[in-house]
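*Asks:* If you're matching positions, the sequence shown starts at 660 in my numbering and goes up one per residue. A virtual CB, placed ideally from N, CA and C, is assigned to each residue, including glycine. Here you go, one structure.
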Amino acid sequence: MHFCELKKVLYTLHHLVAQNKLIHHELEGVKDALREKKKAFIKRKVLPLQQHEEYHKGAIF
(Lines of atoms letter the chains of each structure in order from A and count residues from 1; the text may use other names and numbers.)
(Lines give C-alpha, C1' and ligand atoms only; values in the text may rest on other atoms or scores of the structure.)
Protein backbone atom coordinates (compact mmCIF):
# COMPACT_ATOMS: atom_id res chain seq x y z
CA MET A 1 0.00 0.00 0.00
CA HIS A 2 1.43 3.36 -0.95
CA PHE A 3 1.76 6.21 1.48
CA CYS A 4 -1.02 8.23 -0.23
CA GLU A 5 -3.43 5.30 -0.02
CA LEU A 6 -2.56 4.75 3.62
CA LYS A 7 -3.13 8.43 4.32
CA LYS A 8 -6.60 8.23 2.70
CA VAL A 9 -7.50 5.16 4.75
CA LEU A 10 -6.37 6.81 7.98
CA TYR A 11 -8.30 9.99 7.13
CA THR A 12 -11.44 7.95 6.39
CA LEU A 13 -11.04 5.98 9.60
CA HIS A 14 -10.63 9.18 11.63
CA HIS A 15 -13.69 10.69 9.94
CA LEU A 16 -15.81 7.60 10.68
CA VAL A 17 -14.70 7.50 14.32
CA ALA A 18 -15.60 11.18 14.76
CA GLN A 19 -18.97 10.66 13.07
CA ASN A 20 -19.68 7.65 15.27
CA LYS A 21 -18.93 9.63 18.44
CA LEU A 22 -21.26 12.44 17.34
CA ILE A 23 -24.07 9.99 16.57
CA HIS A 24 -23.67 8.25 19.92
CA HIS A 25 -23.73 11.61 21.72
CA GLU A 26 -26.89 12.63 19.84
CA LEU A 27 -28.51 9.28 20.64
CA GLU A 28 -27.79 9.70 24.35
CA GLY A 29 -29.47 13.13 24.21
CA VAL A 30 -32.54 11.63 22.56
CA LYS A 31 -32.68 8.85 25.17
CA ASP A 32 -32.42 11.40 28.00
CA ALA A 33 -35.20 13.51 26.50
CA LEU A 34 -37.41 10.43 26.15
CA ARG A 35 -36.76 9.43 29.78
CA GLU A 36 -37.71 12.93 30.96
CA LYS A 37 -40.87 12.89 28.84
CA LYS A 38 -41.88 9.53 30.31
CA LYS A 39 -41.24 10.81 33.85
CA ALA A 40 -43.42 13.86 33.22
CA PHE A 41 -46.19 11.67 31.83
CA ILE A 42 -46.07 9.36 34.86
CA LYS A 43 -46.04 12.25 37.37
CA ARG A 44 -49.24 13.80 36.03
CA LYS A 45 -52.12 13.60 38.44
CA VAL A 46 -55.57 12.76 37.18
CA LEU A 47 -58.20 15.24 38.24
CA PRO A 48 -61.22 13.62 39.88
CA LEU A 49 -64.25 13.79 37.61
CA GLN A 50 -66.75 12.99 40.36
CA GLN A 51 -66.77 15.07 43.52
CA HIS A 52 -67.34 13.58 46.93
CA GLU A 53 -70.88 13.70 48.31
CA GLU A 54 -69.89 16.30 50.91
CA TYR A 55 -68.92 18.70 48.14
CA HIS A 56 -72.48 18.91 46.81
CA LYS A 57 -74.10 19.60 50.17
CA GLY A 58 -74.87 23.13 51.22
CA ALA A 59 -72.77 25.19 53.56
CA ILE A 60 -72.73 24.13 57.20
CA PHE A 61 -73.19 26.92 59.75
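Look up His661 in the DSSP assignment and say whether it is helix, strand or coil.
*Replies:* Note: His661 maps to coil in three-state DSSP.
*Asks:* Given Lys696, which residues of its chain have a CB within under 7 Å of its CB, disregarding the five upstream and five downstream residues?
*Replies:* If we look at Lys696 and ignore the five residues flanking it on each side, it has no Cβ neighbours.
*Asks:* Say the cut is 7 Å; is the CB of Ala699 nearer than that to a heavy atom of the ligand NAP?
*Replies:* Absence of the ligand NAP from the depicted structure is noted, as is the absence of any ligand whatsoever, leaving it without description.
*Asks:* In this structure, does DSSP put Arg703 in helix, strand or coil?
*Replies:* Of the three classes helix, strand and coil, the one that applies to Arg703 here is coil, per DSSP.
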